[in-house]
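Undergrad: Numbering (numbering that gives the first Met the number 0), first residue to last: 0 to 346.
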Amino acid sequence: MTDCMAKVDAAATNSLGLSGSPILFIHYGPAYYLRWTLERARISNPEKRIVLLGDATNKQFARGVAEFIDFESLAGTQKELEFQRVFQVFQGERHRFNKANGVEFWLKFVFRRWFLIEAFLEREGIDAFWTFDSDTLVLANLCEREGHFSDFEATTQCNDQCLNGWVGSRSLVSRYTQSILDQFSDEAYLHAQRERLRANAGLSFNEMDAFAEFRRRESVKTWHGEKPIDGEIFDDALAFTESFEVAPEKVLGKTATKRLWTDGESIFAKCKANGDFVRLLTCNMSWMPDYIWRRIMAVTKGGGNGLRVAGRGLRMSNLVEIYMVDKVIDRIFRKTKMLIWKVRRKF
């Protein structure tokens with residue numbers, strides 16, 4: 000048992016004997032990578048309650064590794080019904096996003112999920128919890144990191160633009176959902192959004208914009224998860240490379256990624272500013288093909304502490320680089336892309 004687990008109050012332990020501060024994922028539609036996400040979270044956090052708030056199309060992926068709850072069973076609260084009443088889609092005329100069930104359904108869901116999460120927290124009597132995008136691999140024990148955020152209400156990801164990772168209280172979620180309702184009822188604010196999207200026709204009004212406005216209207220003390228603590232970070236996305244050394248070749252010839260190394264147990268990236276190595280406690284796999292998922296999973300044991308040497312003390316000689324390019328797959332991708340281009344040009 001970890002020191003962290005020894006400190007968990009008995010009242011914060013559920014009937015399965017799993018500790019409080021559960022890990023929540025919420026997702027609609029069938030996505031086979033959910034199985035990888037949930038398995039890795041279970042391996043790295045065997046003492047945690049892991050919950051998928053999903054639907055009938057993805058229930059199968061939770062079997063044996065996570066608790067499944069149909070998120071529609073959480074609908075119908077007063078606030079969720081109010082959200083259904085006031086919600087509108089705001090997007091620029093050139094906004095395009097390839098999402099299951101269409102972009103308008105997705106834009107509604109990214110807001111609605113917080114009302115469903117709030118209903119789950121209230122029903123279960125849960126206060127603090129973890130939540131990540133459903134394409135995130137959790138590679139370390141989260142219980143051991145919760146103490147890092149005792150002075151903050153929550154962590155953020157998505158370049159410090161979204162509420163993600165550690166959420167310290169149910170009341171914060173309640174304030175956020177109330178702010179969403181207030182924003183959709185604020186005609187002056189909605190007019191400003193319409194004007195913004197006329198000038199930026201490729202964008203939309205989404206939950207990250209709502210969270211930014213929530214933080215502007217209220218004093219919310221947050222920590223950006225990709226800022227190192229003790230040489231460790233919560234990855235915004237492997238494809239977000241601004242502050243890190245970039246892999247020498249793009250994935251499938253189009254997507255730049257962080258350059259990654261492993262010690263056979265953990266994943267490391269190299270900070271561009273000072274050359275320090277940092278350990279990735281999570282990997283957000285957005286825009287990554289299957290073979291990258293498999294490589295990350297193959298070289299991590301999930302939950303191991305690795306060399307755990309922060310900063311410059313961790314030398315490259317201790318590490319092996321993870322190559323982000325698969326020559327065969329890349330060649331097939333390029334040939335397929337060229338064939339499609341030729342067919343489109345012909346017709």
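Even glycine gets a Cβ: it sits at the ideal position worked out from N, Cα and C.
It should be emphasised that the depicted structure is a prediction, and the values quoted were computed from it without experimental measurement.
(1) Taking the straight line between their C-alpha atoms, what separation do you get for Ala-211 and Glu-152?
(2) Ignoring anything shorter than 3 residues, give me the beta strand (DSSP E) runs that lie fully in the region 136-186, in order along the chain.
(3) In the DSSP assignment, the alpha helix (DSSP H) including Thr-36 goes from what residue to what residue?
(4) Assuming Arg-95 is part of the beta strand (DSSP E), what are its boundary residues?
(5) I'd like the list of long-range same chain contacts for Arg-169, defined as Cβ closer than 6 Å, with 5 residues on each side in sequence excluded.
(6) How is the alpha helix (DSSP H) around Val-298 delimited, first residue to last?
(7) If you draw a straight line from the alpha carbon of Ala-10 to that of Cys-142, how long is it in whole angstroms?
(8) Count the other C-beta atoms from every protein chain shown that fall within 10 angstroms of the C-beta of Gln-182, then say buried if there are 16 or more, exposed otherwise.
(9) Rounded to whole angstroms, what is the Cα-Cα separation between Glu-217 and Leu-180?
(10) Quick check on Leu-279: does DSSP put it in helix, strand or coil?
(11) Any idea which residues DSSP pairs Ala-268 with across the strands?
(12) Suppose the cutoff is 7 Å on Cβ atoms and the five residues either side in sequence are ignored; what does the same chain contact list for Phe-86 look like?
(13) Measure the alpha-carbon distance for Ala-209 versus Ser-178 and round it to whole angstroms.
(14) Of the residues Lys-249, Asn-205, Phe-239 and Gly-201, which one's Cα is nearest the Cα of Glu-92?
(15) Is Ser-20 helix, strand or coil by DSSP?
TA: So, from the listed chains and residues:
(1) 15 Å
(2) 153-156 and 161-166
(3) 32-43
(4) Per DSSP, Arg-95 belongs to no beta strand (DSSP E) and is neither H nor E.
(5) Leu-120 and Asp-126
(6) No alpha helix (DSSP H) holds Val-298; DSSP gives it neither H nor E.
(7) In this predicted model, Ala-10 has a pLDDT of only 33, less than 50, meaning its place in the structure is not dependable; the value taken from the coordinates is given anyway. For Ala-10 and Cys-142, the distance between alpha carbons rounds to 16 Å.
(8) buried
(9) 15 Å
(10) strand
(11) Leu-259 and Val-277
(12) Lys-107, Phe-110 and Phe-183
(13) 8 Å
(14) Gly-201
(15) strand
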